[in-house]
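Residue numbers (the working numbering), protein chains in the order written: chain D, 1 to 319; chain V, 1001 to 1283.
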């Protein structure tokens, strides 16, 4: 295809998408609350009792603890009356978030038309925010309670986790993972990078050991056991045809697929024919996997389109 | 005709796929679902438990798989809630924790009588994958000294008597990869005989079926099985059937049918082009 033809095709596809999108957006904004998020406020108040504990109260007084939470009102639940009497209010922060989510979805989908700066921007945002989020979660959910909390429980209780149980005191064994963490950080140093190899070797060893046990027990032994089944199935009513066919098929497929991966003997004669049957079973498995994968990807696309058409454009009831 | 098809810009195919998925969504096309044996096995695993049983719910997926897995996760939550099971939520993926929050939102909005700490509890994400599973099979507090709100487990009614996950009556795992169902089978279901059901992505499903029935009590593979599971719940609990939010997976099967039909058509056309081109000596 020539460059001019490609450019014309690009322009046509972009034009179709923009025109359809613009018509839908204008029509939706003129007929509904497109791109708006409405919320209801809920007040919470707790008052302190004489024994020091707290209980919720509907009539907060000075000194009580109070806060407000906001809950999204779905499109199907929002009424004009709720807006008029002020029980539902427009949330600007969530509305901006909704528009950003919609715009970034379109940026990502724009890659189907061709690589472009909008896609690259959205991709960088996903990577950056995910990395930042995972780092913060790792710090507060793992590093602080499971390492610092074990080494310095009193300090962590007073600083970050007031509910933490400090009865066990400092558990000095946790110095070992702390040292391994410090050693791992040497990878970032201009010299002494070799020190990080020790904790990496430790992690690899532990992981390999863990996984080996899991695979041997659950995938090797248990699956061999599951594969040894009677080939003539009888029930209360006597011989059962389809369970027997199923058992035979399972046994033949297992043996044939295993023969295909048996490379010590040349695939000729009976071995070759059996291996060929094994290939057929493998191909059927790959086909099933492909079908499942397609189903998964379409489900993801459907979910994003439901978000665009529902939560954003209000063409359909929002989720 | 043949030349046009041979040189067709692939973006027209993308556009046709977009329309194939979008039109059924906009027209709200929903097809009836017949509950398969696999979906029934998962339904029975939860349904046959006595009311108020302990169910561990591990959400090992993130927003990238939300469209495929959240409907079945929400269906698990509704089914356990309507049965009055005690639900213990956790996540082995860092971004699984916000997915758990969506299920807790469902409990709070649709089952307001359920009380946090008595009927459901959330544990924070922990790094380590299979090591976390291995540890909580022996010592829950060693890995989760507190819940996600920072309350010690001894101060929470539904966790104070739980020593480890061997005290659970059922493990429900919603999985998008590693760590996920495979690790739960390897480190909890097989060695300790813990009854486990899985809801997993379509990509994983063929790898999980061999674990049925000895190591897994049932598997929901992809959105199709989720829709069947929703149908099973709807049949048993009409109150859930009336909830439009509880029909998410069934709604997504309309686009599936049209998109799959389009894909089959494209595969047939692609093969036709190939064979005709070869016959004419162009391939």
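Every residue, glycine too, gets a C-beta built ideally from N, C-alpha and C.
Amino acids of chain V, ordered along the chain, whose beta-carbon sits closer than 9 Å to that of residue i
i, result
"residue 304 of chain D", "1067"
"residue 13 of chain D", "1009, 1011, 1012, 1014, 1015"
"residue 181 of chain D", "Within chain V, no residue comes near residue 181 of chain D; the closest Cβ sits about 12 Å away, beyond 9 Å."
Cβ-heavy atom distance, residue i to the ligand ZN, below 7 Å
i, result
"residue 1141 of chain V", "Summarising the ligand content, the structure contains no ligands, and the ligand ZN is consequently not present."
Best match in the options for proximity to residue i [C-alpha to C-alpha]
i, options, result
"residue 95 of chain D", "D:36, D:41, D:165, D:64", "D:36"
"residue 1175 of chain V", "V:1066, V:1003, V:1022", "V:1066"
"residue 1099 of chain V", "V:1234, V:1061, V:1227, V:1199", "V:1061"
"residue 1259 of chain V", "V:1123, V:1015, V:1006", "V:1015"
"residue 1284 of chain V", "V:1160, V:1170, V:1121, V:1188", "What the structure shows of chain V is the stretch from 1001 to 1283, and residue 1284 of chain V is not part of that stretch, so it cannot be assessed."
"residue 1091 of chain V", "V:1118, V:1082, V:1126", "V:1126"
"residue 1134 of chain V", "D:110, D:85, D:214", "D:214"
"residue 181 of chain D", "D:199, D:166, D:190", "D:199"
"residue 195 of chain D", "D:186, D:202, D:287, D:201", "D:186"
"residue 1159 of chain V", "V:1172, V:1170, V:1141, V:1171", "V:1141"
"residue 956 of chain V", "V:1075, V:1164, V:1143", "Any property of residue 956 of chain V remains undetermined from this structure, which presents chain V solely from 1001 to 1283."
"residue 1216 of chain V", "V:1267, V:1045, V:1080, V:1005", "V:1045"
"residue 1052 of chain V", "V:1169, V:1150, V:1003", "V:1169"
"residue 253 of chain D", "D:284, D:114, D:77", "D:284"
"residue 71 of chain D", "D:56, D:205, D:93", "D:93"
"residue 1043 of chain V", "V:1233, V:1268, V:1261", "V:1233"
"residue 1149 of chain V", "D:141, D:149, D:266", "D:141"
"residue 67 of chain D", "D:163, D:78, D:301, D:45", "D:45"
"residue 314 of chain D", "D:30, D:97, D:239, D:14", "D:30"
"residue 258 of chain D", "D:246, D:197, D:271", "D:271"
"residue 1040 of chain V", "V:1088, V:1218, V:1181", "V:1218"
"residue 277 of chain D", "D:261, D:154, D:303", "D:261"
DSSP beta-bridge partners of residue i
i, result
"residue 1152 of chain V", "V:1146"
"residue 1086 of chain V", "V:1054"
"residue 1044 of chain V", "In DSSP, residue 1044 of chain V forms no bridge with anything."
"residue 56 of chain D", "D:46"
"residue 38 of chain D", "D:73, D:90"
"residue 67 of chain D", "D:44"
"residue 1200 of chain V", "V:1175, V:1221"
"residue 1121 of chain V", "V:1088"
"residue 239 of chain D", "D:234"
"residue 1116 of chain V", "V:1120"
"residue 84 of chain D", "Partner(s): none; residue 84 of chain D has no beta bridge."
"residue 1059 of chain V", "V:1174"
Amino acids of chain D, ordered along the chain, whose beta-carbon sits closer than 9 Å to that of residue i
i, result
"residue 1244 of chain V", "76, 317"
"residue 1130 of chain V", "207, 210, 211, 214"
Contact list for residue i against chain D, beta-carbon separation under 8 Å
i, result
"residue 1014 of chain V", "112, 113"
"residue 1256 of chain V", "295, 298, 299, 302"
"residue 971 of chain V", "For chain V, the structure presents residues 1001 to 1283; residue 971 of chain V sits outside this window and is missing."
"residue 1021 of chain V", "298, 301, 302, 305"
Chain V residues whose Cβ lies nearer than 8 Å to that of residue i
i, result
"residue 217 of chain D", "1186, 1190, 1191"
"residue 52 of chain D", "Those do not exist, as residue 52 of chain D stays about 15 Å from chain V at its closest Cβ, beyond 8 Å."
"residue 309 of chain D", "1022, 1025, 1026"
Short CB-CB distance (under 8 Å) between residue i and chain C
i, result
"residue 1238 of chain V", "Among the protein chains in the structure shown, which are D and V, there is no chain C."
Beta-carbon neighbours of residue i, restricted to chain V and to distances below 7 Å
i, result
"residue 222 of chain D", "1190, 1214, 1215"
"residue 9 of chain D", "1009"
Per-residue contacts from residue i into chain D (C-beta, under 7 Å)
i, result
"residue 1078 of chain V", "Residues of chain D passing the Cβ test: none, with the nearest at roughly 15 Å."
"residue 1127 of chain V", "138, 142"
_Against chain D: residues of the segment 1168-1197 of chain V by CB proximity under 9 Å_ = Near chain D, meaning a CB-to-CB distance below 9 Å, the residues of the segment 1168-1197 of chain V are 1182, 1183, 1185, 1186, 1187, 1189, 1190, 1191.
*With 8 Å as the limit, tell me which residues of the segment 144-177 of chain D have their beta carbon closer than that to any beta carbon of chain V; keep them in chain order.*
Within the segment 144-177 of chain D, the residues whose Cβ lies closer than 8 Å to any Cβ of chain V are, in chain order, 145, 146, 149, 161, 162, 163, 164, 165.
_Between the segment 1025-1041 of chain V and the segment 1270-1283 of chain V, can you find at least three pairs of beta-carbon atoms closer than 8 Å?_
The segment 1270-1283 of chain V is not in contact with the segment 1025-1041 of chain V.
_Residues of the segment 273-293 of chain D whose Cβ lies closer than 7 Å to any Cβ of chain V, in chain order_ = So the close ones are 285, 288, 289, 292, 293.
*Inter-stretch contact (C-beta, 8 Å, three-pair minimum) for the segment 1006-1020 of chain V and the segment 1099-1117 of chain V*: The segment 1006-1020 of chain V makes no contact with the segment 1099-1117 of chain V; the number of CB pairs closer than 8 Å stays below 3.
*Could you name the residues of the segment 1218-1231 of chain V whose beta carbon sits closer than 9 Å to any beta carbon of chain D, in the order they occur along the chain?*
Correct list: 1221, 1222, 1223, 1224, 1226.
*Going along the chain, which residues of the segment 62-95 of chain D sit with their C-beta nearer than 7 Å to a C-beta in chain V?*
Legend: CB atoms of the segment 62-95 of chain D lying less than 7 Å from CB atoms of chain V are not found in any residue.
_Please identify, using Cβ separations under 8 Å, the residues of the segment 1149-1162 of chain V that lie next to chain D, in order along the chain._
Here the close residues are 1149, 1150, 1151, 1152, 1154, 1155.
*asked:* For the segment 1025-1039 of chain V, list every residue whose C-beta sits within 9 Å of some C-beta in chain D, in sequence order.
replied: Of all residues in the segment 1025-1039 of chain V, 1025, 1026, 1028 have a Cβ within less than 9 Å of some Cβ in chain D.
*Compile a chain-ordered list of the residues in the segment 238-254 of chain D whose CB is closer than 9 Å to at least one CB of chain V.*
Hits within the stretch: zero.
*Between the segment 17-34 of chain D and chain V, which residues of the former have CB atoms less than 7 Å from a CB of the latter, in chain order?*
Here the close residues number zero.
*Contacting positions in the segment 1200-1217 of chain V - beta carbon closer than 7 Å to chain D*: The segment 1200-1217 of chain V vs chain D, Cβ under 7 Å: 1201, 1202, 1203, 1205, 1206, 1210, 1214, 1215.
*Please confirm if the segment 1208-1219 of chain V is in contact with the segment 291-310 of chain D, defined as three or more CB-CB distances below 8 Å between the two stretches.*
Output reads no: the segment 291-310 of chain D does not touch the segment 1208-1219 of chain V.
*Closer than 8 Å, Cβ to any Cβ of chain D: which residues of the segment 1089-1102 of chain V, in chain order?*
Within the segment 1089-1102 of chain V, the qualifying residues are 1094, 1095, 1097.
*Check each residue of the segment 191-217 of chain D: if its Cβ is closer than 9 Å to any Cβ of chain V, include it; give the result in chain order.*
For the segment 191-217 of chain D, which is checked against every Cβ of chain V, the residues closer than 9 Å are 206, 207, 210, 211, 213, 214, 215, 217.
_Meets three-Cβ-pair contact criterion under 8 Å: the segment 1189-1198 of chain V and the segment 1105-1119 of chain V_ = With a cut-off of 8 Å, the segment 1105-1119 of chain V and the segment 1189-1198 of chain V do not count as touching, because too few Cβ pairs lie within range.
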